[in-house]
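Chains as they are written, first to last, in our numbering: chain R, 296 to 623; chain D, 296 to 623. Built from N, CA and C at the ideal position, the CB exists for glycine as well. Here the structure comes first, spelled out in structure tokens, and everything after it is commentary.
Number of protein chains: 2
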Amino acid sequence: MSPTIKQIASIAKVSIATVSRVLNNDKRVTEKTRKKILKITEELNYRPNIIARNFVKKKSNLIGLILPEISDEFFTEIIKGVDELTFAHGYYTLVASSHKYESLDQEIETFLRNGLVGGIIILVSSLNDKIKCILKDSRIPVVLISGGSNIDGFDAVSIENYGGAFKMTEYLILKRKYKNLLHITGPQDNDDALLRRKGFEDACKKYNAAFRIEFGEFTQESGRKICDKLLKSNSLPDVIFAANDMMAIGCYDSIKAKGLTIPDDISVVGFDDVFVSKYISPPLTTVKVQIEDVGKTAAEILMRKVREKNNHKKIISKISTKVIIRNS
Amino acid sequence: MSPTIKQIASIAKVSIATVSRVLNNDKRVTEKTRKKILKITEELNYRPNIIARNFVKKKSNLIGLILPEISDEFFTEIIKGVDELTFAHGYYTLVASSHKYESLDQEIETFLRNGLVGGIIILVSSLNDKIKCILKDSRIPVVLISGGSNIDGFDAVSIENYGGAFKMTEYLILKRKYKNLLHITGPQDNDDALLRRKGFEDACKKYNAAFRIEFGEFTQESGRKICDKLLKSNSLPDVIFAANDMMAIGCYDSIKAKGLTIPDDISVVGFDDVFVSKYISPPLTTVKVQIEDVGKTAAEILMRKVREKNNHKKIISKISTKVIIRNS
DNA sequence: AGGTGGTCTGAAATAGATTACCTGCCTTTA
DNA sequence: TAAAGGCAGGTAATCTATTTCAGACCACCT
């Protein structure tokens, strides 16, 4: 059995309170006693039982990171960013994604209530009222990673979706001189998708460019299907702006299958700058999002909230985007 | 404050023991009492305090997953596989990677000793004696995910590195009729790299094919550099078998920069079948590893060990590989 | 009717650490 | 020199849920 504070105390012939004080750097202990106790803890290779400590302190050095799923690099980067920052503060990161066994709502509620974690970072594609309600009366700090709309009243980190899409569209119209644009959106209940679409539309309107909208699903498959349909019709746009890179890649599949070339016959651009994008042929022009920063920033805000309990000012942080020009 | 078992008990006018029994499905409670208590717990929206529960039970429903780093899809897949399986058993997954703040050894030791987690899955590139020592006298179950050599005495999941490399080499020699092969290894202290090399060499020897070895680092950069050097010399092999896909991609960069074409001028194959591999041009022939299964299998073994405390039979599980033939 | 056995419930101990409060000693100061 | 104050360190309560042991109660059998 691992040594406990009690054993240390009995060996050192002091009370457990004194040992605890030494371990917690309480200064009300003489140097001599401190040294003696430290020596013993080292000899026994003692490690305080974190669970017991968390239990009495009624707080936890665990951070919950709730994701809709763990699948693509987007989430990896977030996990990495969060882990790196929280670890530096002595916290561990608990990763939970929605499973077939439990809905995201339930999962969030469980986490908020069971005391396991001292704070939560939640990535949601859209904020429904139910989740909002659950979050409102949370006893532990919460930070959202969200598309960016509708997050009033919560601490949140979001991506500059609107601005990124606007910049890209501006580039397509002004620099590339495209007159006829088509945007493939993400799922209609997804905030990122919504704002990207809005950025696209507003830019088109501003510069009086003709545009169309198709509704996709953020999947490669949906990009392919929509593009297939498009190529069968006889009204091709100059450029397809897919709301994420995976759909853009789906368009590549479809276009190449038809024997057309990118960007000569038709141009395709994306959003996200996923890892593959620079390797496909031709390399994809896209909007880069520094995903790791999203995780880091969220963790930073959370750590601040965990420490300063009384600070109730809401923080909304936006991670900026950048148009990456390649050859598509 | 969240309701506690005590409050439930006082409202229901029963003892806390009875409430605890109901919550733990102990059958020694009359249906009437059970119903009454369940009704109250639901009204109060009671959730048992997991930390307290773990504390009294002296066990944890947390699983530590220790990775050298969280970076590429390889790790994502592992996290996903582990999380999915452990969650189904009521466990949560704590992801920890080596940070600049702590070495992997220390991290492992901390996890093993502080009681936070009830079991650990460790992914290591190679097993040094220090880690072996730490693991040997671990009080909690440990499962390794490892290259595959030198894991006697531990429960482990490994990839069929040797067999995969052997099969690929066999394919290159017998089907593609290459006579002059070159292998770029991974880091020399990496077990996966070691076994892949051995599989390659043994196959070459078996079929009397000429071969050379270059020493890489598993990075795209190292693949590119080695290939640059190679192309400057005047003795090109028929095929470059890179010990992982990222180095193969590095070779692509180098070869394309020289204006040569794959596979006409020189062929390149890899190992791993990362996501990009089928999108690059030409699509990369490689050895596929079902990474998610690695995580799942490791979690499965761990769950079994956590449950059946007395079962000390060591399990070593090997995840099989498959040669994926594309156009490189 | 009294004994036996089984079922349901409660009281109390327990886990490992933190911490409020108290004691006792030593030093300082009037 | 006695009171006051500060400091080191001890005592004991506390956190929540589990679990052991014992007791209460009822039914059934002889």
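If you check each beta-carbon in the stretch 339-357 of chain R against every beta-carbon of chain D, the ones closer than 8 angstroms belong to N340, R342, P343, N344, I345, I346, A347, N349, F350, S355 and L357. Taking 8 angstroms as the cut-off, the beta carbon of L360 of chain R is found no closer than this to the beta carbon of K591 of chain R. The beta carbon of T388 of chain D falls within 8 angstroms of a beta carbon belonging to chain R, placing the residue at that interface. Taken in chain order, the unbroken stretches of beta strand (DSSP E) that lie wholly in the stretch 423-472 of chain R and span 3 residues or more are 437-441 and 451-454.
Here the stretch 296-311 of chain R makes contact with the stretch 333-340 of chain R; the two share three or more CB pairs at distances below 8 angstroms.
For the stretch 569-596 of chain R, the beta-carbon criterion of a distance under 8 angstroms to any beta-carbon of chain D is satisfied by F570, V571, Y574, I575 and S576.
For G590 of chain R, the enclosing alpha helix (DSSP H) covers residues I586 to R602. The C-alpha of R408 of chain D is placed about 25 angstroms away from the C-alpha of T328 of chain R. Residue burial annotation: V419 of chain R is buried, with at least 16 other C-beta atoms found within 10 angstroms of its C-beta. In this chain, the alpha helix (DSSP H) harbouring G518 of chain R covers Q515 to K527. Listed along chain D is no residue with a C-beta nearer than 7 angstroms to that of N319 of chain R; the closest approach is about 15 angstroms.
When DSSP reads this structure, N475 of chain D sits in a beta bridge with D:A505. Membership of L360 of chain D in the beta strand (DSSP E) is indicated by the continuous run L357 to L362.
If you draw a straight line from the Cα of D559 of chain R to the Cα of A383 of chain R, it comes to about 49 angstroms. Note that the C-beta distance between R519 of chain R and S549 of chain R is below 8 angstroms. Within the stretch 401-420 of chain D, those residues whose Cβ lies closer than 8 angstroms to any Cβ of chain R are, in chain order, T405, R408, N409, G410 and L411. Non-local beta-carbon contacts of I426 of chain D in its own chain, meaning distances under 7 angstroms to residues more than five positions away in sequence, involve D400, I403 and V419 in chain order.
Each residue's CA atom was taken as its position, placing K527 of chain D and N475 of chain D some 17 angstroms apart. Of all residues in the stretch 532-544 of chain R, only I544 come within less than 9 angstroms of chain D when Cβ atoms are compared, listed by chain position. For V351 of chain D, the uninterrupted alpha helix (DSSP H) run begins and ends at I345 to K352, by DSSP.
Closest option to N340 of chain D, judged by alpha-carbon separation, among D:R348, D:F369, D:I303 and D:V351: D:I303. Taking 8 angstroms as the threshold, the shortest C-beta distance from A391 of chain D to chain R falls below it. Secondary structure note for T336 of chain R: its alpha helix (DSSP H) is the uninterrupted segment E326 to E338. G443 of chain D is classed as buried because its beta carbon has at least 16 other beta carbons within 10 Å across all chains shown. According to the DSSP assignment, A537 of chain D belongs to the beta strand (DSSP E) that extends over V534 to A537.
Taking E465 of chain R as the centre and dropping the five residues before and after it, the same chain places the C-beta of A498 closer than 6 angstroms to its C-beta, in chain order.
About 5 angstroms separates the beta carbon of L389 of chain R from that of Y387 of chain D, a gap short enough to meet the 8 angstroms contact definition. Between the C-alpha atoms of V317 of chain D and V324 of chain D there is a straight-line separation of about 7 angstroms. If you look at G414 of chain D, you'll find it in the beta strand (DSSP E) that goes G414 to L418.
Secondary structure note for L380 of chain D: its alpha helix (DSSP H) is the uninterrupted segment E368 to A383. According to the DSSP assignment, L389 of chain D belongs to the beta strand (DSSP E) that extends over Y387 to S392.
Sixteen is the threshold: since fewer than 16 other Cβ atoms of the shown chains lie within 10 Å of the Cβ of A312 of chain R, the residue is exposed. Fewer than three pairs of CB atoms, one per stretch, sit closer than 8 angstroms, so the stretch 533-549 of chain R makes no contact with the stretch 538-549 of chain D. DSSP places I544 of chain R inside the alpha helix (DSSP H), whose first and last residues are D540 to A552. DSSP, reduced to helix, strand and coil, places S421 of chain R outside both helices and strands of the structure shown, so it counts as coil. For S615 of chain D, the three-state secondary structure derived from DSSP is coil.
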